[in-house]
Structures are given as structure tokens and as C-alpha cells.
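Residue numbers (our numbering): 1457 to 1811.
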């Protein structure tokens, strides 16, 4: 085992493991394996590589400008990133696929870790105590009713509203709900060929993110391919604002609404996504072809729990839509799956009784 120390540029709470992958050597090999990217500033950090990356390592000698650009990109992608206090050639030789563990909190990189080290990171851990489940007012652009911990906004804003109009709208909401959690929606849609309307809305939310506790929720992401498109467009919005020198917060939590069985049954693969919002009512109905809210309720909850396990550190939020049953919610809270529930004012009392 080789152990390297360094300086952390972006940290994650948990250590990650993957194969070391030197960018520029073997990039043409198509692989979905988890990669810890080794980047010396001489090659492009492409979306294709970043999509399967779990961390980034910089060697000594990389320029400050390249380091700043790459570390901002790693932070946007939620990828732990460190610079190690040595070069790469002496560590790797010509190999680029050695197994490694990256612990950004301890500022360590372990190459070819021994069994003791692996167990210390990924052995059986004590179960965390249950977390408090917050309840947000669903699509309520009015003043927040009593009993809610935050609100979801944006559905009432016309899709064709310009960036500045949307920015003022979100800033006004932040001013009226200071300190509260605000989830702002951006609809990917299917009739926006180049994603211009979506990018405009994301830019407005990033800019408003300076003034409030915003999260970004992307809706109408119905297939894994559309999820890839969504990620790329969010990145494009970030890079555009960054190159313009605008004041914005592109590091707010980002989420995707899961509203189709295809998305629910697909493996969540994007580290950039901080949370997934499950549209429970729609998912249950599409999976059972029944309007009876008790038909398939527990089975749907089990699929959501399985998705949550694959999503690792990403949080799961739940849109109730009036279709939650006590049995389904017990299944989702028994293993600490759900962190937030979105509810209408009429559903608040019922949801509070359950959580």
C-alpha cells in the first residue's frame, strides 16, 4: 500500500474508492467504473470522464490557474479533490487503473490499500440515529403557512419568463422567507430543443442563491439520457455565469424529480445530484395502473428504498401528492430513507401525525 498526503480543495463527508485514472492515458476506453481522476492540467476534464468520477487528485507542479479552475469544477460536481505532495510518475509508473481510496477530510490518498485499511473505511458501521424529517409547502408561492419548514416555488412562474424576471421573482421570495429552505424548480421540458429556457431558469436560481437558502429541483427529467442532458445544461449555466464574472452561487444543492418508473428503476449515477425528489403518487399509479392509493403503496416504497441505497449520500425527498399511506411512509422512514416531505397545506396535519 502507498499512502500520500496533501491539501484538500473540496471535501466530502465520506471516503470514496475507485480506480486511479490518469487523464490523457486510456481516455478512449469506454467504462462505467468508478474513477479517481489524476489530472496534471494538460488534458481536458470532459463531461464524459466527470460523469463516472468519484474524486479528483492533483499532483505537485500544477499551475495555480489550472488548479483553481479544476477545483471549482470539482466542487460543482461534488467531487472530493486533493493535491498530493508528490508527482504521479513515481507512484504509478505506466499503470493507471490501480484501486485507491480518497479521504478528502483526512487529506489522504491510499493506493492499493491493504485489507485493514479497507475495513477501516468500509466495514460495518453503527447505524446513524434517525434524522428529523422536515415538511415543505408544495408549490406555495403565497406567504408560508404555519407548520412548514420551507417552501417550493417556481411552478407559478411562466416557462418563458426571462432570466432577469425570474431572478427578481426568486429574490422577492427569499426576502419574504428569510432563513427558510426554498426549493426552486426548473423544468427541463421537451419542447426546448437547445435547453435555452432551462438554462435561463437555472441561471436565475443560481443568481438568487446568493440571497437565500435555495436548492434547485429539475423537473421533467423522464429518462436517464435526459438526466445526462440536465447535468450538462446545469454545467453550461454555471460556466456561463462564471465566465461573465456574475455574482452567483452555483454550489447550491441540486436535485432531480423522479416521476417515471424508468428513472426509478435506473441506477442513480450522478454525484452532482444532492437529492432526488420522488413523486410517489405518480410513480405508484404508473407502476400499478390503479387509482387506489393502497394498491402497490408498500411495493412502490420498497423500490424507492432500493433506489436510495444506490444513491448513497444523495438525499431522498418525497412528494406526497395526497397519495401517501401510513404503511408506505412507515416503510420509507424505517430505514431512514426520507429527509423531506413536500405537502400541500391540506395534507400538513396528516403528514405531521405520521412523522
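Just so you know, even glycine gets a beta-carbon here, dropped at the ideal spot from N, CA and C.
Remember, it's a predicted structure, so these values are computed and weren't measured experimentally.
Option in the options with minimal Cα separation from residue i
i, options, result
"residue 1467", "1624, 1561, 1589", "1561"
"residue 1769", "1727, 1634, 1752", "1727"
"residue 1474", "1527, 1524, 1534, 1567", "1567"
"residue 1787", "1493, 1779, 1758", "1758"
"residue 1804", "1575, 1605, 1490", "1605"
"residue 1514", "1507, 1760, 1477", "1477"
"residue 1629", "1609, 1495, 1643, 1620", "1609"
"residue 1592", "1807, 1748, 1797, 1808", "1797"
Same chain only: Cβ atoms within 8 Å of residue i, ignoring 5 sequence neighbours per side
i, result
"residue 1666", "1703, 1704, 1705"
"residue 1563", "1461, 1462, 1463, 1464, 1538"
"residue 1697", "1659, 1662, 1663, 1704, 1706"
"residue 1730", "1534, 1671, 1709, 1710, 1711, 1770, 1771"
Residue i, enclosing beta strand (DSSP E) - first and last residue
i, result
"residue 1774", "1771-1775"
"residue 1539", "1537-1540"
"residue 1751", "That residue, residue 1751, is in no beta strand (DSSP E); it is neither H nor E in DSSP."
"residue 1559", "1555-1559"
"residue 1592", "1590-1593"
"residue 1788", "Note, residue 1788: premise wrong, no beta strand (DSSP E); alpha helix (DSSP H) at 1782-1790."
"residue 1567", "1564-1567"
Sequence-distant residues of the same chain with beta carbon closer than 6 Å to residue i, five excluded per side
i, result
"residue 1645", "1676"
"residue 1716", "1678"
"residue 1722", "1680"
"residue 1569", "1457, 1557"
"residue 1801", "1601"
Rounded Cβ spacing between residue i and residue j (contact assumed at less than 8 Å)
i, j, result
"residue 1793", "residue 1755", "The pair is not a contact, with the Cβ atoms about 15 Å apart (cut-off 8 Å)."
"residue 1714", "residue 1734", "5 Å"
"residue 1752", "residue 1740", "5 Å"
"residue 1633", "residue 1600", "6 Å"
"residue 1589", "residue 1746", "In fact, because the Cβ distance is near 27 Å, the residues do not count as touching under 8 Å."
"residue 1503", "residue 1650", "The pair is not a contact, with the Cβ atoms about 16 Å apart (cut-off 8 Å)."
"residue 1490", "residue 1508", "7 Å"
Own chain partners of residue i with C-beta closer than 7 Å, once the 5 adjacent residues on each side are dropped
i, result
"residue 1724", "1732, 1763, 1766, 1767, 1770"
"residue 1536", "1466, 1467, 1468, 1472, 1511, 1558, 1560"
"residue 1810", "1782, 1785"
"residue 1470", "1769"
"residue 1655", "1689, 1692, 1693"
"residue 1613", "1622, 1625"
"residue 1750", "1781"
Opening and closing residue of the alpha helix (DSSP H) in which residue i lies
i, result
"residue 1806", "1801-1810"
Closer than 6 Å: residue i CB and nearest the ligand NAD heavy atom
i, result
"residue 1807", "Among the ligands in the structure shown, none appear at all, so the ligand NAD cannot be discussed."
Query raised in the report: Curious, which full-length alpha helix (DSSP H) runs of at least 4 residues does the segment 1602-1659 contain?
Result: 1619-1632
Query raised in the report: At what residue ranges does the segment 1713-1740 contain a whole run of the beta strand (DSSP E), taking only runs of 3 or more?
Result: 1731-1735
Query raised in the report: Mind pulling the alpha helix (DSSP H) runs of 4 or more residues that sit fully within the segment 1457-1519?
Result: 1503-1507
Requested in this report: Please go through the segment 1659-1705 and give each complete beta strand (DSSP E) segment of 3 or more residues, from N-terminal end onward.
Outcome: 1669-1675
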